[in-house]
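Chains A and B are the protein sequences, given in the same order. Going by this note's numbering, the first sequence opens with residue 43, and the numbers climb by one from there. Going by this note's numbering, the second sequence opens with residue 43, and the numbers climb by one from there. Backbone N, C-alpha and C define an ideal beta-carbon position, used for all residues, glycine too. Since the structure comes first, as structure tokens, the remarks are kept for the end.
There are 2 protein chains.
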Amino acid sequence: MPYFDAASSVPLHPVARQALVAALDEGWADPARLHREGRRARMLLDAARQTAAEAVGCRPDELTFTPSGTQALHTGVAGAVAGRRRAGRHLVVSAVEHSAVLHAAAAHEADGGTVAEVAVGRTGAVDPGAFAAALTEGTALACLQSANHEVGTEQPVAGVAEACRAAGVPLLVDAAQSLAWDAVDGPWSLLAGSAHKWGGPPGVGLLVVRKGTRFAPPGPSDERESGRAPGFGNLPAVVAAAASLRAVRAEAAAEAARLRALVDRVRTRVPELVGDVEVVGDPVHRLPHVVTFSCLYVDGEALLHALDRAGFSVSSGSSCTSSTLTPSHVLRAMGVLSEGNVRVSLPPGAREEDVERFLAELPGAVASVRAQLGAPASAPGAPADVRADGGPDASEASEASEASEASEDAEEDALTVDALGTLCPVPVIELAKVIGEVPVGGVVTVLADDEAARLDIPAWCAMRGHTYLGAGPDGTSYRIRRAA
Amino acid sequence: MPYFDAASSVPLHPVARQALVAALDEGWADPARLHREGRRARMLLDAARQTAAEAVGCRPDELTFTPSGTQALHTGVAGAVAGRRRAGRHLVVSAVEHSAVLHAAAAHEADGGTVAEVAVGRTGAVDPGAFAAALTEGTALACLQSANHEVGTEQPVAGVAEACRAAGVPLLVDAAQSLAWDAVDGPWSLLAGSAHKWGGPPGVGLLVVRKGTRFAPPGPSDERESGRAPGFGNLPAVVAAAASLRAVRAEAAAEAARLRALVDRVRTRVPELVGDVEVVGDPVHRLPHVVTFSCLYVDGEALLHALDRAGFSVSSGSSCTSSTLTPSHVLRAMGVLSEGNVRVSLPPGAREEDVERFLAELPGAVASVRAQLGAPASAPGAPADVRADGGPDASEASEASEASEASEDAEEDALTVDALGTLCPVPVIELAKVIGEVPVGGVVTVLADDEAARLDIPAWCAMRGHTYLGAGPDGTSYRIRRAA
């Protein structure tokens, strides 16, 4: 039963398992105690810190173990912002950071600070120049992920780190998705990681604070882990985390090359096998093991269940698969289709034959979901797919939106579709069904109150070549001009 | 090699080990995911929560798993105080709470709140009436441990919880030391625990927030664990924690009776075997497995090392064994001797013959440390020891201190000992050496700048029957009147 959701969590690496079980016997005591059990625990902790620091490329005394990657990010943001309070209270983040960073940013804002989100292009990457321009006077901290967790796009971290250094602003790098593969280049100041993403056990994160970085840990004081991670340490898991990081790094180059080839195959084949698909994320500057695509006229949750029944575990950024009813903020920031979204993230050791079987099963799974929803017919390999690799669609849509202002009065050939109260992907399906009923140049207005429509209707227009004229002032109507 | 430091951390219970290893294979995925690995993880998490809730005596939806007991306490205090902000910003804690509670209280104070510490008697217990009297208008939260971690004294939690309910103030109970033995009685509102204290793995704490308790979690938002514990959960450890809590509870009554008898033996025999010893903590209302005593004229760290060489792992609240240079706040609040302090805490399964061997080794270990320090001779079973069970020494010392005001001028038979720059237990040793050089009624002034002297000189006076006249205004001189 192939598990293709490595970006969520990876099964324990054999080295992690072995180290964890051994450390249960050796590392259960309090490393702050003077007795032999305490000294033994201290030695294990020191050795684990040394190992992890070597893998990260930092000094051991710069690295603390936290209970999770999320807590490393929360503490990293709060501590760096508090430490730089005199410099200002402005925080700069990319729009596609992990929710842990965005939640920390929201807490900073609630506390009276200000936050700027740097936009990304259609591939999901920030522009280093735009990021540098956002480092205004009073910026206490900047945050940028090493690679995106949903679409796999690598960020230009080294360049952004240089720009931050030039501006005198510390950069916090969320390296959760990439630390299994390599250390992070560039003069960053803080870095966070999460062991269960690299095959270590859950319950262990890393927070690195470079010497010379001002840092004031938030919350009640605690003498452990340089005051940056309160609570009795999770030593057996820490030992396992460090040992497995070293182990996965030893295998990283070969495994990355192997998985990259498998992902390339998925990127190429999926649009050939399934119609109306948008493969998203940078095709070159990306994590070796992640590929994400969205399928028009597909309910993401239904597709996940269909794939699950076929034996494949994947995840989705579609709104219908989460509790929030809003599509993934990453897909939204990229301006790409969110409906029928599937992320395939291959764990180390993923087998070629399982990937082939996935490619064989996917068309039937998509077709069955589309049939249930009464979606329009889709032909594989439709011209729209070529835009998936980060074409100029987003800017086109933006121009189209401006153009709409000038053409408000030419609506004699108009039609309105009421999709109020329906959820993704129904509004887009209803639109697709009627677009042929207006003449070329005619306008369809879709009434829809599902959050995803705001993203998916423009994305559909870009894929189909129609002109998106923009949303109504109340955000529950969308106008589309038929192109051909 | 007997490990007698169970109150710090207990080796993994066999059931915890078994459950943890099994859950490494079954419980590594994200329980929020829809695929089969996620659903399996969710089932394990739900079952663990049900099991833990049964042991605590709460509803499963009242219980969240945190990364540590410390984080449960930090979040519990901050969340309850924030939730009750309208009621006021006053926090009431006992003076002998775990440092995690006192650090949370200090953070509350730094944030503009107020804190009152309820004093304890010589046994280490709060008086329920005094605690109730401290619940003044504007009290947002009260905190009381179920039992003390350093001296084993049980607190009158049920009565204090009733008083809190009557006053409309939520009570947070730190049950870290007692949860292995039993659920906590009384109408408490919040409760915290720590798995590695009951034989579960490190990396798991419990925070229980009763329905109807106002609670606003601190820090950045996170959808997991009711928003009370951000970060990817440590599921294998959570499963092991819950399974082991159920397992230790099944054995608790029999094991408690057995350990209680061993501790009673230590309490009785130590003063018979070693001179100038004060056994501290309540002799009856106490944890079954903890006994603490302090030895005059002994360097706690040296004694710990001597016992470690003899094969026994214990801990100490003496200042010379910690990094802070101040003696344990618990011993200080109790007003008992802090020098040469030893805490023996027996893990489940501790063997009678090991306890006997400890009793056989202890006198030699103490004697060797005293000899190194050139301490006065001590005779076992000295009368001072009978005061150890909570006699009126503390109030006597206080009266003596008041009496000192009236006798400032009768100092013709006086002597000054300069112990400035020396550390515990040297100032007390120097005092003991010269007390015979002044006549009965004569006064010795000790100059000492070690923090521990403030506690140990009055305690020595109480043990020896001399009159403590008080400290000088700058806190580096102490006056003692020879009694006999």
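Taking a cut-off of 8 Å on C-beta distances, the region 305-316 of chain B does not touch the region 486-501 of chain B, as fewer than three cross pairs fall below it. With 16 or more other Cβ atoms from the protein chains shown falling within 10 Å of its own Cβ, residue 195 of chain A counts as buried. Secondary structure at residue 320 of chain A: strand, using DSSP grouped into helix, strand and coil. Beyond the five residues adjoining it in sequence on each side, residue 83 of chain B comes within less than 7 Å, by CB distance, of 69, 71, 72, 73 and 277 in the same chain, given in chain order.
Of the residues A:134, A:49, A:158 and A:253, the one whose Cα lies closest to the Cα of residue 99 of chain A is A:253.
By the Cβ criterion, the region 113-124 of chain A is in contact with the region 143-153 of chain A, since at least three pairs of Cβ atoms, one from each stretch, lie closer than 8 Å.
If the five residues before and after residue 421 of chain A are omitted, its C-beta is found closer than 7 Å to the C-beta atoms of 317, all from its own chain and listed in chain order.
At a cut-off of 9 Å, the C-beta of residue 159 of chain A has no neighbouring C-beta in chain B.
For residue 348 of chain B, the enclosing alpha helix (DSSP H) stretches over residues 342-351. Excluding residues up to 5 positions away in sequence, 57 and 61 lie with their Cβ nearer than 6 Å to the Cβ of residue 285 of chain A in the same chain. When Cβ pairs closer than 8 Å are counted between the two stretches, the region 172-183 of chain A is seen not to touch the region 216-226 of chain A, the count staying below three. Taking every protein chain shown into account, the CB of residue 462 of chain A has fewer than 16 other CB atoms within 10 angstroms, so this residue is exposed. According to the DSSP assignment, residue 335 of chain A belongs to the beta strand (DSSP E) that extends over 332-337.
For residue 111 of chain B, at least one C-beta of chain A is nearer than 9 Å to its own C-beta.
Taking a beta-carbon distance threshold of 9 Å, residue 268 of chain B does not count as an interface residue toward chain A.
When beta bridges are read from the DSSP output, residue 459 of chain B appears opposite B:488. Between residue 234 of chain B and residue 331 of chain B, the C-beta spacing is not below 9 Å. Here the region 380-398 of chain B makes contact with the region 296-304 of chain B; the two share three or more CB pairs at distances below 8 Å. Residue 50 of chain A belongs to the set of residues whose beta carbon lies under 9 Å from a beta carbon in chain B. The C-beta separation of residue 181 of chain A from residue 211 of chain A comes to about 5 Å, placing the pair in contact by the 8 Å criterion. Burial check for residue 187 of chain B: the Cβ neighbour count within 10 Å reaches 16 or more, so the residue is buried. Collapsing the DSSP output to three states places residue 181 of chain B in a strand. Close partners of residue 45 of chain A in chain B (Cβ separation under 7 Å): 79. Proximity of the region 345-355 of chain A to the region 367-378 of chain A falls short of the contact definition, fewer than three beta-carbon pairs being nearer than 8 Å.
In the three-state reduction of the DSSP assignment, residue 274 of chain A falls in the coil class. Within the region 57-117 of chain B, complete alpha helix (DSSP H) segments of at least 4 residues are found at 78-98, given in chain order. When the Cα atoms are used, residue 477 of chain A and residue 337 of chain A turn out to be separated by approximately 19 Å.
Cβ neighbours of residue 368 of chain B within its own chain (closer than 6 Å, five residues either side excluded): 361 and 493. At least one beta carbon of chain B lies nearer than 9 Å to the beta carbon of residue 261 of chain A. For residue 140 of chain B, no beta strand (DSSP E) encloses it, and the DSSP letter there is neither H nor E. DSSP places residue 405 of chain B within a helical segment (H, G or I) once states are collapsed to three.
When C-beta distances to chain A are compared with 9 Å, every residue of the region 370-397 of chain B stays at or above that value. Of B:525, B:490 and B:509, the smallest CA-CA separation from residue 517 of chain B is found for B:490. Proximity of residue 145 of chain B to chain A, defined by a Cβ-Cβ separation below 9 Å, is satisfied. Residue 522 of chain A: member of the beta strand (DSSP E) spanning 519-523, first to last residue. For residue 301 of chain A, same chain residues with a beta-carbon under 7 Å away, outside a window of 5 residues either side, are 330, 331, 388 and 392 in chain order.
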